[in-house]
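Q: Be aware that the sequence shown starts at 27, since it is given in my numbering, and climbs by one per residue.
All residues carry an ideal CB built from backbone N, CA and C; glycine is no exception.
The following block contains the structure, expressed as structure tokens.
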Amino acid sequence: MPWNDEYWDKEEVLPQKELEELQFKRLKSAIRRAYDHVEFYRRRLKEANIDPDDIKKPDDIAKIPFTKREHFAQNYPFGLFAVPKERIVRIHTSSGTSGKPKVVGYTAKDIETWANMVARCLYMVGVRPGDVFQNMSNYAFFTGGLGFHYAAERIGAVTIPAGVGNTERQIQYMVDFGTTAVHATPSYAMHVKEVVEEMGVADKLKLRIGCFGAEPWSENTRKRLEDAFGIKAYDSYGLSEMNGPGVAFECKEQHGLHIWADHYFIEVVDPKTGEPVGEGEKGELVLTALTKEAMPILRYRTGDITIIENEKCACGRTHPRLMRILGRSDDMLIVRGINVFPSQIEHVLMQIPEVGDNFQIVLTRKEELDEITVRVEVRDEIFTGELRDLKELQQKIQRALQRELLLRTNVELVEKGSIERSMGKAKRVIDLRSI
Ligand code: ADP
Ligand code: ZN
């Protein structure tokens with residue numbers, strides 16, 4: 027496949043063999059850098075009796091111990107840096123969804139590499155000079171703010187640092203500036219959709235492209251966002267420990283997220299044993315950052331559950347695809363012995379037309395037995411209709427959930443606006459079982 031205007035850079039379409047060679051070359055130098063410059067890695071590799079020179083083929087990476095979330099906490103704040111502070115030009119922290127915030131540092135070159143990586147993603151979905159890119163994402167600490175901002179500017183798009191909140195004003199700007207592309211978390215995007223509907227300005231929007239990520243969202247939510255805004259909606263995956271956004275992104279095929287193998291070494295392991303899963307099997311994503319100067323993180327257990335597809339994509343890119351992010355392993359709920367991901371519940375609810383755009387899961391325990399209650403916002407018309415219809419809808423939702431989850435749930439229908447809106451990542455689950 028020749029390199030052309032469809033691609034941001036030549037590495038996107040590097041023949042698979044060359045891509046693997048580049049990846050392995052970078053892997054070796056990342057391990058060397060970590061060993062030489064980060065006390066934590068030197069100690070761990072020595073303890074495991076490994077010298078960086080022992081890594082002679084890609085599979086040898088399995089000899090290196092995993093880096094886990096707690097290692098960020100243990101080395102808080104700067105213990106994992108591989109360069110002196112004089113070379114650090116920026117710090118971000120993870121949003122702290124789970125546990126102590128993770129601190130990440132960047133050299134000037136890291137910022138450059140990262141901006142190009144996210145630019146590659148935006149270019150892939152069609153963002154070009156002349157586009158008006160409204161970044162409806164938190165800029166404080168969160169990597170989704172500046173991460174996308176730099177990339178959109180790098181492409182030459184008109185870039186608006188909109189941030190989150192002030193939703194009506196944001197929508198007015200979308201109309202006035204002729205915004206063509208947006209980035210937000212899917213839960214904030216759903217809120218924006220709701221306000222657009224209230225303001226009755228949907229037909230005044232010029233949107234074409236929506237980039238949504240930083241939390242799980244379902245195919246049915248995608249459909250709702252695409253229909254409401256008249257856009258193509260693309261899934262964006264990243265984590266602060268691996269730069270931020272731009273780690274993996276959907277192409278126009280909308281069939282899996284290309285994960286950039288020239289910047290990351292990719293493994294999928296069984297979350298319990300840490301052993302690699304077979305090709306095409308579900309497991310936890312483990313990433314090694316190949317091009318980060320300030321923080322060369324080795325074999326990081328992301329906690330994210332996914333499936334990898336290595337088959338070449340119709341778009342011509344040679345990088346593998348994450349077929350979906352089901353959620354974090356610690357998002358998984360165990361209810362009466364059955365595993366449930368909130369994203370499965372979202373998927374079921376968002377295909378029922380009477381259901382509104384928000385829901386919440388409440389877990390309780392009654393006489394040793396777990397109870398799961400799904401609070402579902404429904405469209406206004408439903409509440410003004412017959413009580414019988416309400417009962418029927420409730421049962422319909424209950425049946426649909428039971429089919430997907432193989433679990434009986436209580437369904438509570440609530441009015442639009444009853445559940446708190448989220449500006450960033452949604453908090454879907456309230457677990458009252460330990461109380
Ligand atoms: P925190 O871990 O504190 O939330 P980050 O902002 O770095 O900090 O979040 C990264 C995490 O967000 C990922 O590990 C993953 O669990 C989740 N995430 C990011 N993008 C997606 C996506 N497209 N789909 C599902 N989950 C995502
Ligand atoms: Zn593709």
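Apply the 10 Å Cβ neighbour rule to residue 459 and answer buried if 16 or more other Cβ atoms are within range, or exposed otherwise.
A: Position 433 of the sequence shown, counted from the first residue, corresponds to residue 459. Residue 459 comes out exposed.
Q: Quick one: is residue 36 buried, meaning 16 or more other Cβ sit within 10 Å of its Cβ, or exposed?
A: As a working mapping, residue 36 is identified with position 10 in the sequence shown. So residue 36 counts as exposed.
Q: Roughly how many angstroms separate the alpha carbons of residue 86 and residue 200, rounded to a whole number?
A: Along the sequence shown, read from residue 1 onward, the residue named residue 86 stands at position 60. Along the sequence shown, read from residue 1 onward, the residue named residue 200 stands at position 174. Each residue's Cα considered, the two are about 51 Å apart.
Q: Who are the near neighbours of residue 396 in its chain, counting only those whose CB is closer than 7 Å to its CB and skipping five residues on each side?
A: In the sequence shown, counting from the first residue as 1, residue 396 sits at position 370. Hits under 7 Å: 361, 362, 389 and 459.
Q: Which of the three DSSP states, helix, strand or coil, is assigned to residue 271?
A: For the purposes of this step, residue 271 is taken as the residue at position 245 of the sequence shown. Three-state result, residue 271: strand.
Q: Just the C-alpha distance for residue 233 and residue 262, rounded to the nearest angstrom, thanks.
A: Working through the sequence shown from its first residue, we reach residue 233 at position 207. Working through the sequence shown from its first residue, we reach residue 262 at position 236. Approximately 18 Å between the Cα atoms of the pair.
Q: DSSP on residue 146, reduced to helix/strand/coil?
A: In the sequence shown, the residue the question calls residue 146 occupies position 120. Residue 146 falls in the helix class under three-state DSSP.
Q: Closest by CA to residue 49, which one among 340, 316 and 444?
A: Counted from its first residue, the sequence shown places residue 49 at position 23. Comparing Cα-Cα distances from residue 49 to each of 340, 316 and 444, the minimum goes to 316.
Q: State the Cα-Cα distance for the pair residue 204 and residue 312, rounded to the nearest angstrom.
A: Residue numbering aside, residue 204 sits at position 178 when the sequence shown is read from its first letter. Residue numbering aside, residue 312 sits at position 286 when the sequence shown is read from its first letter. Answer to the nearest angstrom: the Cα atoms are 40 Å apart.
Q: In chain order, what residues of the same chain have a beta carbon less than 7 Å from the beta carbon of residue 220, not counting five sequence neighbours either side?
A: The sequence position of residue 220 within the sequence shown is 194, counting from 1. Around residue 220: 383.
Q: Among the candidates 78, 427, 372 and 110, whose CA atom is the shortest distance from the CA of residue 248?
A: As a first step, residue 248 is located in the sequence shown; it is residue number 222 there, counting from the start. Comparing Cα-Cα distances from residue 248 to each of 78, 427, 372 and 110, the minimum goes to 372.
Q: Which term fits residue 281, buried or exposed, when burial requires 16 or more other beta carbons within 10 angstroms of its beta carbon?
A: Here residue 281 refers to the residue found at position 255 of the sequence shown. Residue 281 should be labelled exposed.
Q: May I have the straight-line CA-CA distance separating residue 103 from residue 128, to the nearest angstrom?
A: As a working note, residue 103 is residue 77 in the sequence shown. As a working note, residue 128 is residue 102 in the sequence shown. Cα to Cα, residue 103 sits roughly 8 Å from residue 128.
Q: Would you identify the three-state DSSP class for residue 337, choosing helix, strand or coil?
A: Here residue 337 is taken as the residue at index 311 of the sequence shown, counted from 1. Reduced to three states, the DSSP call for residue 337 is coil.
Q: Just verifying my parser: in three-state terms, what is the DSSP assignment at residue 36?
A: As a first step, residue 36 is located in the sequence shown; it is residue number 10 there, counting from the start. Reduced to three states, the DSSP call for residue 36 is helix.
Q: Taking the alpha carbon of residue 242 as the reference point, which residue from 215, 427, 287 and 135 has its own alpha carbon closest?
A: Residue mapping note: residue 242 aligns to position 216 of the sequence shown, counting from 1. The shortest C-alpha separation from residue 242 is found at 215.
Q: Using DSSP's beta-bridge definition, name the partner residues of residue 48.
A: For the purposes of this step, residue 48 is taken as the residue at position 22 of the sequence shown. In the DSSP output, where bridge partners are listed per residue, residue 48 has none listed.
Q: Report the residue ranges of all beta strand (DSSP E) runs contained in full by the segment 68-127; include only those spanning at least 3 residues, in chain order.
A: Here the runs fully enclosed are 114-119.
Q: What separation, rounded to the nearest whole angstrom, lies between the Cα atoms of residue 347 and residue 120?
A: In the sequence shown, counting from the first residue as 1, residue 347 sits at position 321. In the sequence shown, counting from the first residue as 1, residue 120 sits at position 94. So the two alpha carbons sit approximately 24 Å from each other.
Q: Taking just the CA atoms, how far does residue 149 sit from residue 33?
A: Here the question's residue 33 lines up with position 7 in the sequence shown. Here the question's residue 149 lines up with position 123 in the sequence shown. If you take the alpha carbons of residue 33 and residue 149, they lie about 7 Å apart.
Q: Go through the residues and name those whose CB comes closer than 6 Å to any heavy atom of the ligand ZN, in chain order.
A: Here the list is 277, 279, 284, 339, 341 and 343.
Q: Residue 161 and residue 185 - do their beta-carbons sit closer together than 8 Å?
A: The count along the sequence shown starts at 1 and reaches residue 185 at position 159. The count along the sequence shown starts at 1 and reaches residue 161 at position 135. Against a cut-off of 8 Å, the Cβ pair of residue 161 and residue 185 comes out as a contact.
Q: Do residue 351 and residue 474 come within 8 Å of each other at the CB atom, strictly closer than that value?
A: Residue 474 lies beyond the range of the chain shown here (27 to 461); nothing can be said about it.
Q: Given a cut-off of 8 Å, decide if residue 329 and residue 355 are closer than it, judged by their beta-carbon atoms.
A: The residue you call residue 355 lines up with position 329 of the sequence shown. The residue you call residue 329 lines up with position 303 of the sequence shown. Yes, the Cβ-Cβ distance between residue 355 and residue 329 is below 8 Å.
Q: The beta strand (DSSP E) spanning residue 424 covers which residue range?
A: In the sequence shown, counting from the first residue as 1, residue 424 sits at position 398. First-last for residue 424: 413-431, but that is the alpha helix (DSSP H), not the beta strand (DSSP E).
Q: Indicate, with yes or no, if the ligand ADP has a heavy atom lying under 7 Å from the CB of residue 240.
A: Along the sequence shown, one-based indexing puts residue 240 at 214. Indeed, a heavy atom of the ligand ADP lies less than 7 Å from the Cβ.
Q: Below 8 Å on the Cβ atoms is my contact criterion, and I expect residue 183 with residue 153 to pass it. Report the Cβ-Cβ distance as a whole number of Å.
A: Stepping through the sequence shown from its first residue, residue 183 is reached at position 157. Stepping through the sequence shown from its first residue, residue 153 is reached at position 127. About 5 Å; that satisfies the 8 Å criterion.
Q: Please classify residue 344 as buried or exposed, where buried requires at least 16 neighbouring CB atoms within 10 angstroms.
A: For the purposes of this step, residue 344 is taken as residue 318 along the sequence shown, with counting starting at 1. Label assigned to residue 344: buried.
Q: On the DSSP bridge assignment, give the partners of residue 133 in chain order.
A: The count along the sequence shown starts at 1 and reaches residue 133 at position 107. In DSSP, residue 133 forms a bridge with 114.
Q: Leaving aside the five residues before and after residue 353 along the sequence, list all residues of the same chain whose C-beta is less than 7 Å from its C-beta, in chain order.
A: Translated into the one-based positions of the sequence shown, residue 353 becomes position 327. Answer for residue 353: 242, 331, 367, 368 and 369, listed in chain order.
Q: When burial is assigned at 16 or more other CB atoms within 10 Å of the CB, is residue 69 buried or exposed?
A: Translated into the one-based positions of the sequence shown, residue 69 becomes position 43. So residue 69 ends up on the exposed side.
Q: Secondary structure at residue 287, three-state DSSP: helix, strand or coil?
A: What you label residue 287 is simply residue 261 of the sequence shown in a count that begins at 1. Note: residue 287 maps to coil in three-state DSSP.
Q: What's the C-alpha gap between residue 47 and residue 225?
A: Within the sequence shown, the letter at position 21 stands for residue 47. Within the sequence shown, the letter at position 199 stands for residue 225. Cα to Cα, the separation comes out at about 53 Å.
Q: With 16 other CB atoms within 10 Å as the buried threshold, where does residue 53 fall?
A: Along the sequence shown, one-based indexing puts residue 53 at 27. It counts as buried.
Q: Consider the C-beta atom of residue 132 and the heavy atoms of the ligand ADP; say whether any pair is separated by less than 7 Å.
A: Position 106 of the sequence shown holds residue 132. No.
Q: My parser needs the alpha helix (DSSP H) runs of 4 or more residues fully inside the segment 214-243; what are they?
A: The segment 214-243 contains no whole alpha helix (DSSP H) run of 4 or more residues.
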